[in-house]
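Residue numbers (this note's numbering): 28 to 363.
This is the structure we're talking about:
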């Protein structure tokens with residue numbers, strides 16, 4: 028059932044108490060983090076909560092979301108709360124002198140003030156932001172799929188771990204299904220982008236949709252992407268089918284990052300070529316930064332998926348509007 032944009036599963040009741048939920052959140056996050064670092068050969072590093080507004084390091088997401096910003100009394104500089112660490116990680120790999128096939132990850136917290144609040148969206152974002160150095164010749168679909176399969180293996184192991192702790196049914200298929208955004212449009216030309224995601228996820232259970240950011244044959248985008256981190260031809264989203272919400276749930280956005288040519292092309296396509304004068308973009312265009320693949324994996328969404336929760340507010344403490352608080356309270360969905 029849908030109420031004012033919120034999904035209310037019929038007869039929903041949480042499978043764990045509040046304190047049990049808090050305990051399992053910690054255990055799931057610890058397990059997933061260890062396995063991710065092992066599978067991708069990553070080292071944990073400290074991450075900034077805010078960056079210099081003039082650096083060009085913040086993730087611009089779809090280009091319309093407003094970052095939370097403030098001035099620093101001591102320096103007079105303007106800084107922004109991060110949306111994600113997509114570009115910061117690549118600079119850090121260079122600064123820390125990482126080698127090929129080695130990478131880093133950070134426990135990232137962010138504020139996205141313009142999110143529309145619902146079952147899956149909060150203004151508070153917690154995710155593992157990771158980045159791995161690759162060779163230039165590895166900037167291809169096969170390498171992208173290889174990395175996705177390694178991440179999916181972590182999801183499978185986490186499902187086994189949760190099943191050993193709580194008697195919750197395992198639902199993930201043996202392998203993840205790969206499809207491009209254009210193939211998806213060709214399959215379901217009369218569907219909206221979200222309806223396509225629902226259709227393909229319901230059919231396959233776990234899906235990686237590739238090629239997000241550029242225009243499709245229809246002239247529309249499958250979804251928006253900033254032009255200066257992912258290569259729109261070599262990126263994608265990991266989505267699982269949620270039996271609780273009866274819809275697709277995105278758990279990760281990732282991709283092989285832009286090289287010099289892709290950055291120029293995408294900045295032009297997005298009508299923001301002025302960014303090429305920012306410090307991060309100048310370093311990239313001058314060939315100073317390594318070639319990388321990276322992404323973000325939603326911590327709260329992982330916990331929500333594996334604990335069979337109906338609302339992301341059941342697994343994270345955030346601020347909610349009156350609509351979310353009222354409807355959740357009326358239907359026994361207890362927000363932290």
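Beta carbons: idealized from backbone N, C-alpha and C, even for Gly.
Predicted, not measured: the structure shown is a model, and the values here were computed from it.
Residue range of the unbroken beta strand (DSSP E) whose run includes residue i
i, result
"residue 28", "Element bounds for residue 28: n/a, residue is neither H nor E."
"residue 326", "From DSSP, residue 326 is part of no beta strand (DSSP E) but of the alpha helix (DSSP H) over 326-333."
"residue 280", "274-284"
"residue 312", "Counting along the chain, residue 312 falls outside any beta strand (DSSP E), though it belongs to the alpha helix (DSSP H) covering 306-312."
"residue 96", "96-98"
"residue 261", "257-269"
"residue 318", "Taken as a continuous stretch (DSSP letters only), residue 318 belongs to no beta strand (DSSP E), as it is neither H nor E."
"residue 151", "151-160"
"residue 236", "233-237"
"residue 79", "77-79"
The alpha helix (DSSP H) enclosing residue i, as first and last residue numbers
i, result
"residue 178", "168-192"
"residue 47", "45-67"
"residue 351", "349-357"
Candidates the options: closest to residue i by CA position
i, options, result
"residue 258", "270, 246, 251 and 284", "284"
"residue 116", "146, 157 and 92", "157"
"residue 275", "227, 91, 309 and 177", "227"
"residue 112", "329, 225, 347 and 154", "154"
"residue 309", "55, 71, 255 and 188", "255"
"residue 270", "252, 233 and 280", "233"
"residue 45", "341, 346, 224 and 165", "341"
"residue 71", "213, 119 and 42", "119"
"residue 128", "152, 162 and 105", "162"
"residue 139", "151, 302, 145 and 51", "151"
"residue 323", "264, 298 and 273", "264"
"residue 93", "109, 192, 145 and 219", "109"
With 16 other Cβ atoms within 10 Å as the buried cut-off, status of residue i
i, result
"residue 97", "exposed"
"residue 32", "exposed"
"residue 131", "buried"
"residue 327", "buried"
"residue 123", "exposed"
"residue 216", "exposed"
DSSP three-state assignment for residue i, whether helix, strand or coil
i, result
"residue 293", "helix"
"residue 248", "strand"
"residue 122", "helix"
"residue 107", "strand"
"residue 301", "helix"
"residue 361", "coil"
"residue 139", "coil"
"residue 227", "helix"
"residue 93", "coil"
Cβ of residue i within 8 Å of any chain B Cβ
i, result
"residue 96", "Included in the structure is just one protein chain, with no chain B present."
(request) Within the segment 197-225, note down every full beta strand (DSSP E) run reaching 3 residues or more, in order along the chain. (result) 204-207
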